[in-house]
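Remarks on the structure that follows.
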C-alpha cells in the first residue's frame with residue numbers, strides 16, 4: 001500500500017460569532033495516500049475551505065495535527081511544506097495580474113528556490129501539458145476563465161508536490177469549461193502521480209474521486 | 001534577479017499599460033520634494049559662498065589694522081609676507097571722494113592699493129582695459145560707477161578728496177586731480193561695482209596726505225580656510241596690531257546665512273516627508289487591494305521577509321528613481337535659474353531682486369556633494385519606510401484571512 005502523503009487527525013476549528021463560538025470542524029481526520037484522489041462535498045459554510053486551508057498550512061487548527069509529505073524530508077507540518085509539499089488551486093484562479101501565464105507558473109518555482117532557467121523550463125513544460133503553450137506570454141487579463149484555471153493548475157504542480165489541494169476549481173466556470181478543466185486536472189494528477197484533495201459543490205465531479213467524503217456539522221463522513 | 005524584485009518591478013510598472021499612474025505620481029512627488037530641497041540648498045550655498053568670497057576679496061583673507069594709521073607699511077608687508085602661511089601682504093588705504101565727469105558726479109569709495117601685487121583680486125574682474133596700467137594718472141573704476149559717470153576706458157574723470165579741501169586756500173575751491181580711466185571692473189557685487197575706484201597707494205597717500213602711512217594691510221593666505229589660526233599666531237607675536245581673519249569680519253552675517261540654510265533644510269525636508277507619507281498611504285491602499293495576492297504568495301511558499309520585501313522594494317524603488325529624477329530636475333532648474341527667476345519677476349513685477357537686494361549680478365549657486373548625499377539618504381530612508389510599514393502589516397496576516405478579506 002502506498003505511503004501517506006497527507007495525514008490529519010482530530011482537527012478542530014471554530015470561529016467567534018455573535019451567537020458564540022461556531023465550530024466548523026469537529027474532530028476531522030483524513031489520510032491521503034500517494035496518487036489517490038479524495039473529494040469533499042458540503043453545503044456553503046460547512047467548513048470545506050477551512051479544512052483545505054488547514055490541510056495546506058494556510059490556517060491553524062484549534063486542536064489536532066496535520067502532516068504533509070515533503071520530498072526528501074518525510075512528513076512535516078504543512079506550514080513548512082507550502083509550495084513544495086502542497087500545491088493549491090483556488091476558485092478564483094488567484095494569478096498575479098502583472099505576470100504572464102509563463103511567469104505565473106515559473107513564479108511558484110522561483111519561490112521554491114529553483115533557478116530562473118529551470119523554472120522557465122518547467123513552466124513551459126507544464127503549460128504544454130495543460131494545452132496553453134501558445135498563450136504562455138499572455139497576461140491573465142487576456143485569458144479566458146478556463147485558461148486562467150489551467151494556468152493555476154500548472155502553477156500548483158510546477159514544484160511537483162505530492163498533494164494538490166483544489167478549492168472549488170470549477171466554481172467560476174461554465175459547465176463545458178468546468179468539465180474540460182476537471183478532466184484535465186484529473187488527467188494531469190494521474191500522470192504525475194500527485195494525490196488530489198478536491199473540495200467541490202458538484203456531486204458529478206466529486207463522484208470521479210477514488211474516495212468521497214461529505215463535510216456536515218463539522219464532521220467528515222464517507223459519502 | 002530575485003523573484004520578489006521582479007514582482008515588485010512588475011507591480012510598479014505593469015506591462016501592457018501605457019501609463020503606470022501610481023508609480024509616475026509617486027516618483028514625481030519624490031522628485032519634486034528632492035528638487036525643492038536641493039535647489040534651495042544649492043542656492044543657499046551659492047549665497048554663502050559668494051558672500052564669503054566677497055568678504056575675502058574685499059577685506060583679504062586676513063586684515064591687519066591698528067588703532068592709528070600704520071607707519072612704514074611696506075616694511076611690515078615685507079615682514080608679514082615672509083611668513084610661511086602668507087602668500088602676499090599688501091598695504092592699503094581707503095576713503096571717500098567726489099568723482100565727476102562733466103555734468104555727472106558720484107561719491108566713490110577710493111582704495112589705494114599696490115597694483116603690482118599679482119594677488120590683487122580685482123585683476124580677475126577686469127571687464128574692459130588693463131589693470132596693470134593703474135598708475136599715478138590712471139584709475140580703475142567699478143562698472144556701476146563708470147556707468148553713473150558715463151565714462152569708458154580712455155575717458156577722464158576729476159576727483160576731490162577731503163584732504164584736498166583741507167589744503168585749499170581759504171575761500172577758494174580746491175582744484176581736482178584728473179585721472180584717466182584705464183580699466184573697468186565688474187565683480188558682480190553691485191556694492192563694489194557701484195563705488196570702487198582703485199588707484200596706487202602712493203597716489204592715495206598724496207591725495208589724502210597720509211605721510212607714507214597706510215590704513216591697514218591685506219594678507220592673502222596660502223590656506224584661506226586656516227585664517228583664524230594664522231591670525232591668532234601672528235597676533236601673538238605683534239600685540240600692537242589687530243589681525244582679523246575673514247571669518248570674523250562679518251561673523252554674524254555668516255552665522256545668519258548658515259542658520260538660514262539649516263532652517264530651510266528642515267522646512268524643505270518636510271516636503272519630502274509629505275511625499276513619503278503620500279507614498280505610504282498609496283502603498284497601504286495597494287497592499288490592501290492586493291491582500292489576496294499576498295495570501296496566494298504565502299500559499300506558494302513565500303516567506304514573510306520576501307513578502308515584506310515586495311512592497312518595501314516598491315517604496316525604495318520609488319525613492320531611488322524619484323531621487324535621481326529630483327537630481328535631474330535640480331540641475332535643470334539651476335541651469336535655467338536666471339530665465340526662471342526673470343519670468344517670475346516679470347510675472348509679479350518684482351524687478352531684479354537679486355541685484356537690488358542681494359547685490360549679485362545673477363543667482364549664485366554652489367553644488368555641494370554632501371547636500372545631495374544627505375537628501376538622497378533621507379529620501380530613501382523615508383520612502384523605504386513608507387513601503388515597509390504596510391508591507392510588515394500585510395506579511396503579518398494569516399494567508400487564509402488575507403485571501404478571505406480581499
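Protein chains in written order, with the numbering used here: chain A, 1 to 223; chain B, 1 to 406.
Ideal placement from N, C-alpha and C gives every residue a C-beta, glycine not left out.
Return the CA-CA distance between residue i and residue j, expressed in angstroms with no decimal places.
| i | j | result |
| --- | --- | --- |
| residue 63(A) | residue 103(A) | 38 Å |
| residue 1(A) | residue 172(A) | For residue 1(A), the pLDDT reaches just 43, beneath the cut-off of 50, and the residue's location in the model is therefore unreliable, although a value from the coordinates is still provided. Cα to Cα, the separation comes out at about 36 Å. |
| residue 387(B) | residue 323(B) | 16 Å |
| residue 211(B) | residue 159(B) | 20 Å |
| residue 109(A) | residue 317(B) | 25 Å |
| residue 107(B) | residue 149(B) | 10 Å |
| residue 192(A) | residue 36(A) | 11 Å |
| residue 113(A) | residue 376(B) | 33 Å |
| residue 62(B) | residue 114(B) | 16 Å |
| residue 78(A) | residue 55(A) | 7 Å |
| residue 198(B) | residue 179(B) | 11 Å |
| residue 76(B) | residue 122(B) | 23 Å |
| residue 167(B) | residue 151(B) | 28 Å |
| residue 199(A) | residue 279(B) | 40 Å |
| residue 221(B) | residue 80(B) | 11 Å |
| residue 87(A) | residue 71(A) | 13 Å |
| residue 162(B) | residue 32(B) | 57 Å |
| residue 80(A) | residue 298(B) | 11 Å |
| residue 330(B) | residue 157(A) | 51 Å |
| residue 1(B) | residue 183(A) | 36 Å |
| residue 210(A) | residue 186(A) | 11 Å |
Which same chain residues end up closer than 8 Å to residue i when comparing Cβ atoms and leaving out the 5 residues on each side of it in sequence?
| i | result |
| --- | --- |
| residue 340(B) | 333 |
| residue 23(A) | 12, 13, 14, 218 |
| residue 116(A) | 106, 110 |
| residue 124(A) | 102, 133, 136 |
| residue 111(B) | 92, 93, 94, 196, 197, 198, 199, 204 |
List the whole-angstrom C-beta distance separating residue i from residue j, where the pair is believed to meet the contact cut-off of C-beta under 8 Å.
| i | j | result |
| --- | --- | --- |
| residue 197(A) | residue 85(A) | Contact doesn't hold; Cβ gap of about 13 Å is too wide. |
| residue 154(A) | residue 130(A) | 5 Å |
| residue 161(A) | residue 194(A) | 7 Å |
Which residues in chain A have a C-beta closer than 7 Å to the C-beta of residue i? List them in chain order.
| i | result |
| --- | --- |
| residue 302(B) | 111 |
| residue 289(B) | Within chain A, no residue comes near residue 289(B); the closest Cβ sits about 11 Å away, beyond 7 Å. |
| residue 223(B) | What residue 223(B) touches in chain A: nothing, since even the nearest Cβ is about 57 Å away. |
| residue 362(B) | The contacting residues do not exist; residue 362(B) stays about 48 Å from chain A at best. |
Can you list, in chain order, the residues of its chain with a C-beta nearer than 7 Å to that of residue i? Leave out the 5 residues immediately preceding and following it.
| i | result |
| --- | --- |
| residue 143(B) | 127, 184, 185, 186, 193 |
| residue 319(B) | 30, 379, 380, 383, 384 |
| residue 314(B) | 8, 11, 12, 283, 387 |
| residue 312(B) | 384, 387, 388, 391 |
| residue 214(A) | 41, 42, 221, 223 |
| residue 135(A) | 101, 143, 147 |
| residue 243(B) | 62, 64, 231, 234, 235 |
| residue 399(B) | 295, 298, 299 |
Report the neighbours of residue i on chain B: residues whose CB is nearer than 8 Å to its CB, in chain order.
| i | result |
| --- | --- |
| residue 108(A) | 300, 301 |
| residue 56(A) | 299 |
What in chain B is Cβ-close to residue i, meaning under 9 Å?
| i | result |
| --- | --- |
| residue 62(A) | Per Cβ cutoff of 9 Å: no residues; residue 62(A) is ~14 Å from chain B at best. |
| residue 139(A) | 14, 15, 16 |
| residue 174(A) | The premise fails here: residue 174(A) is roughly 23 Å from chain B at the closest Cβ pair, so nothing lies under 9 Å. |
Which same chain residues end up closer than 6 Å to residue i when comparing Cβ atoms and leaving out the 5 residues on each side of it in sequence?
| i | result |
| --- | --- |
| residue 337(B) | 363 |
| residue 73(B) | 91, 214 |
| residue 177(B) | 159 |
| residue 52(A) | 165, 167, 199 |
Using a Cβ-Cβ distance cut-off of 8 Å, determine whether residue i contacts chain C.
| i | result |
| --- | --- |
| residue 84(A) | Within the model displayed, chain C is absent; protein chains A and B are what it includes. |
What does residue i reach in chain A if we use C-beta pairs closer than 9 Å?
| i | result |
| --- | --- |
| residue 296(B) | 88, 90, 94, 95, 96 |
| residue 283(B) | The contacting residues do not exist; residue 283(B) stays about 15 Å from chain A at best. |
Cβ closer than 8 Å: which chain A residues qualify as neighbours of residue i?
| i | result |
| --- | --- |
| residue 3(B) | 107, 110, 111 |
| residue 11(B) | 98 |
| residue 7(B) | 96, 98, 99, 107 |
| residue 54(B) | None at all; the shortest Cβ gap to chain A is about 57 Å. |
Starting from residue i, find everything on chain B with Cβ-Cβ shorter than 7 Å and list it in chain order.
| i | result |
| --- | --- |
| residue 59(A) | 398, 400 |
| residue 53(A) | 400 |
| request: Check whether the stretch 90 to 100 of chain A touches the stretch 3 to 23 of chain B, taking contact to mean three or more Cβ pairs, one atom from each stretch, closer than 8 Å. | output: A contact exists between the stretch 90 to 100 of chain A and the stretch 3 to 23 of chain B.
| message | Contact between the stretch 90 to 99 of chain B and the stretch 223 to 238 of chain B is defined here as three or more beta-carbon pairs at a separation below 8 Å; is this criterion met? | response | Taking a cut-off of 8 Å on C-beta distances, the stretch 90 to 99 of chain B does not touch the stretch 223 to 238 of chain B, as fewer than three cross pairs fall below it.
| message | Count Cβ pairs between the stretch 140 to 147 of chain A and the stretch 173 to 183 of chain A that sit closer than 8 Å; are there 3 or more? | response | Touching, per the Cβ criterion.
| said: With a threshold of 8 Å, are at least 3 pairs of Cβ atoms found where one atom belongs to the stretch 20 to 36 of chain B and the other to the stretch 50 to 63 of chain B? | reply: They do not touch, by the three-pair rule.
| task | Take every Cβ of the stretch 190 to 206 of chain A, pair it with every Cβ of the stretch 34 to 43 of chain A, and state whether three or more of those distances are shorter than 8 Å. | result | Taking 8 Å as the limit for Cβ pairs, the verdict is that the stretch 34 to 43 of chain A does touch the stretch 190 to 206 of chain A.
| query | Does the stretch 262 to 279 of chain B touch the stretch 72 to 90 of chain B, meaning 3 or more C-beta pairs lie closer than 8 Å? | reply | Taking 8 Å as the limit for Cβ pairs, the verdict is that the stretch 262 to 279 of chain B does not touch the stretch 72 to 90 of chain B.
| query | Using 8 Å as the threshold, is the stretch 20 to 34 of chain A in touch with the stretch 88 to 97 of chain A, meaning 3 or more CB pairs across them? | reply | Taking a cut-off of 8 Å on C-beta distances, the stretch 20 to 34 of chain A does not touch the stretch 88 to 97 of chain A, as fewer than three cross pairs fall below it.
| message | Is it the case that the stretch 196 to 208 of chain B contacts the stretch 130 to 140 of chain B, given that we only count it when at least three CB pairs across the two stretches are under 8 Å? | response | Contact between the stretch 130 to 140 of chain B and the stretch 196 to 208 of chain B is established, with three or more Cβ pairs separated by less than 8 Å.
| task | Would you check if there are 3 or more beta carbon pairs closer than 8 Å linking the stretch 30 to 50 of chain B to the stretch 364 to 372 of chain B? | result | Because the criterion of three Cβ pairs below 8 Å is met, the stretch 30 to 50 of chain B and the stretch 364 to 372 of chain B touch.
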